[in-house]
Amino acid sequence: AQSVTQLDSQVPVFEEAPVELRCNYSSSVSVYLFWYVQYPNQGLQLLLKYLSGSTLVKGINGFEAEFNKSQTSFHLRKPSVHISDTAEYFCAVIHGSGNTGKLIFGQGTTLQVKP
Amino acid sequence: NAGVTQTPKFQVLKTGQSMTLQCAQDMNHNSMYWYRQDPGMGLRLIYYSASEGTTDKGEVPNGYNVSRLNKREFSLRLESAAPSQTSVYFCASSGTVQETQYFGPGTRLLVL
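Sequence lines, in order, name chains A and U. This note's numbering puts the first residue of the first sequence at 1, with every later residue one more than the last. This note's numbering puts the first residue of the second sequence at 116, with every later residue one more than the last.
Set out below in structure tokens:
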């Protein structure tokens, strides 16, 4: 079965420090990869996505992610976090083979930015 | 342009009661989705509609039914609510099945 694994359920970090949120997916012929952010008591908002082309993808709020096909990973990074980045982050994938548009989500990573 | 709207925002039901969650989008999207979110489990797809007139089961369809009323609206019905259906429900839409999904604000459902 297709799956997405977010390797950390919680990531505490101090303000202005760099952060990496890890995501691995089950291999497929082709994939479309997404990172969503959910602020408390809100819906999900797209941070960035990889469909094709450059493996380094830049998103909103200074986040970026790198698609690594050989390691089946799509880790999210930010060089310097702010208090306002405190939220839950979801990695998600649509597998291109036999695609029906079903987004498969990871379990989520809670980013806690401390002052 | 409101995007994706959901009603109600919060609902309390007793076991066995029925209710319908409403979702509407004003982005002229073809595809619409219903998810549930539970702690530590991410979002799981309940049902989706790839285009007007079609619906398909997702990962966790048991206990739910859906109706794609028209291109804008996609409702989720619980015929006989159970405590296991206590969750936060999100509706989403996308232009096509391969495009970015846009999410509504969610409905918090508590089944006693």
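Note that beta-carbon positions come from the ideal geometry of N, C-alpha and C, so glycine has one too. Remember, it's a predicted structure, so these values are computed and weren't measured experimentally.
Check: Chain U contact residues for residue 32 (chain A), given Cβ-Cβ distances below 7 Å; Outcome: 213
Check: Supposed contact pair residue 142 (chain U) and residue 173 (chain U) - C-beta distance, whole angstroms, cut 8 Å; Outcome: Contact doesn't hold; Cβ gap of about 21 Å is too wide.
Check: Range of the contiguous beta strand (DSSP E) that encloses residue 225 (chain U); Outcome: 222-226
Check: Spatial neighbours of residue 158 (chain U) in its chain, beta-carbon cut-off 8 Å, leaving aside the 5 residues before and after; Outcome: 150, 151, 152, 205
Check: Between the CA atoms of residue 63 (chain A) and residue 54 (chain A) - distance to the nearest angstrom; Outcome: 15 Å
Check: Through-space distance from residue 78 (chain A) to residue 33 (chain A), alpha-carbon basis; Outcome: 18 Å
Check: Cutoff 9 Å: residue 123 (chain U) Cβ touching any chain A Cβ; Outcome: no
Check: Opening and closing residue of the beta strand (DSSP E) in which residue 12 (chain A) lies; Outcome: 10-14
Check: Residue 80 (chain A) classed as buried or exposed, judged by whether at least 16 other C-beta atoms fall within 10 angstroms; Outcome: exposed
Check: Test: residue 119 (chain U) CB closer than 9 Å to a CB of chain A; Outcome: yes
Check: C-alpha gap between residue 40 (chain A) and residue 86 (chain A), whole angstroms; Outcome: 9 Å
Check: Below-9 Å beta-carbon distance, residue 56 (chain A) vs any chain U residue; Outcome: no
Check: Strand pairing of residue 160 (chain U), partner residues [DSSP]; Outcome: U:150
Check: CB contact below 9 Å: residue 49 (chain A) versus chain U; Outcome: yes
Check: Reduced DSSP category for residue 61 (chain A) - H, G, I as helix; E, B as strand; rest coil; Outcome: helix
Check: Residues near residue 10 (chain A) in its chain [Cβ-Cβ closer than 6 Å; skip 5 each side]; Outcome: 110
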